[in-house]
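Quick note: the sequence shown, position 106, residue 106 per full-length UniProt numbering, numbers continuous.
Reviewing the structure listed below.
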Amino acid sequence: MTTQGLTGATFYMVNHGFSTAALFMTAGWMVARRKSSQIDDFGGLQRVTPILAWSFFIAGLSALALPGLSSFISEFLVLAGTFTRYPIAAIFATLGIILAALYVLIAVQKSLHGEVKPGNESLTDLILREKIALAPVIALIILLGFYPKPVLDVINPTTGVVMQHAGVVDPAVKVGK
Numbered sequence: 001m002t003t004q005g006l007t008g009a010t011f012y013m014v015n016h017g018f019s020t021a022a023l024f025m026t027a028g029w030m031v032a033r034r035k036s037s038q039i040d041d042f043g044g045l046q047r048v049t050p051i052l053a054w055s056f057f058i059a060g061l062s063a064l065a066l067p068g069l070s071s072f073i074s075e076f077l078v079l080a081g082t083f084t085r086y087p088i089a090a091i092f093a094t095l096g097i098i099l100a101a102l103y104v105l106i107a108v109q110k111s112l113h114g115e116v117k118p119g120n121e122s123l124t125d126l127i128l129r130e131k132i133a134l135a136p137v138i139a140l141i142i143l144l145g146f147y148p149k150p151v152l153d154v155i156n157p158t159t160g161v162v163m164q165h166a167g168v169v170d171p172a173v174k175v176g177k
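Structure (structure tokens):
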């Protein structure tokens, strides 16, 4: 355990909450509109439901920890902290991230792109209350991707205390001390 990894893990819990909330909302609305949860029934949704499609796309990319979205910083901190003590584990974790990218990008490609599948042409885009519910989550995913400082300022002081109480010495080199 390292301070960097613990900070990243704590921040990741916050970011994962935003990503999964956005994914569940958008996927739920897609299923409710299409009356199917089979991915093969979807296709071409970016043409008929562009706001819903973009929201699902952003949420999916956040789940993948794309740079510029909130999960990237936390996932990077976790991997960097893990690599300090357990480089092999960090390499396997990185491979897991690559595999996760496959299933998310396949879901995005099959549901949002291509020709509009029969039955999808009449689907409606997000209505006002859905936009109002989703907008703060998407905004936080983007905002914390570029400016994570407010959350990290809350997390950082406690990680040192947790490490101390756990009796773990951080192997990271302290600069200026």
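Every residue, glycine too, gets a C-beta built ideally from N, C-alpha and C.
Considering only their Cβ atoms, is the gap separating residue j from residue i smaller than 9 Å?
i    : j    : result
E121 : V14  : no
I39  : K110 : yes
N24  : L112 : For the record, residue 24 in the displayed sequence is Phe; it is not Asn. No, they are not a contact pair.
A53  : L45  : yes
G8   : V78  : yes
I97  : F11  : no
Along the alpha helix (DSSP H) that carries residue i, what are the first and last residues, could you check?
i    : result
E75  : S70 to R85
K149 : K149 to A166
L66  : That residue, L66, is in no alpha helix (DSSP H); it is neither H nor E in DSSP.
E130 : L128 to F146
S19  : T3 to R34
Q46  : L45 to V48
Starting from the Cα of residue i, find the closest Cα among the options and give me that residue.
i    : options                  : result
S70  : A133, H16, P171 and A101 : H16
G145 : M1, S19 and G114         : S19
G119 : M30, A90 and F11         : M30
I127 : M163, T26 and Y147       : T26
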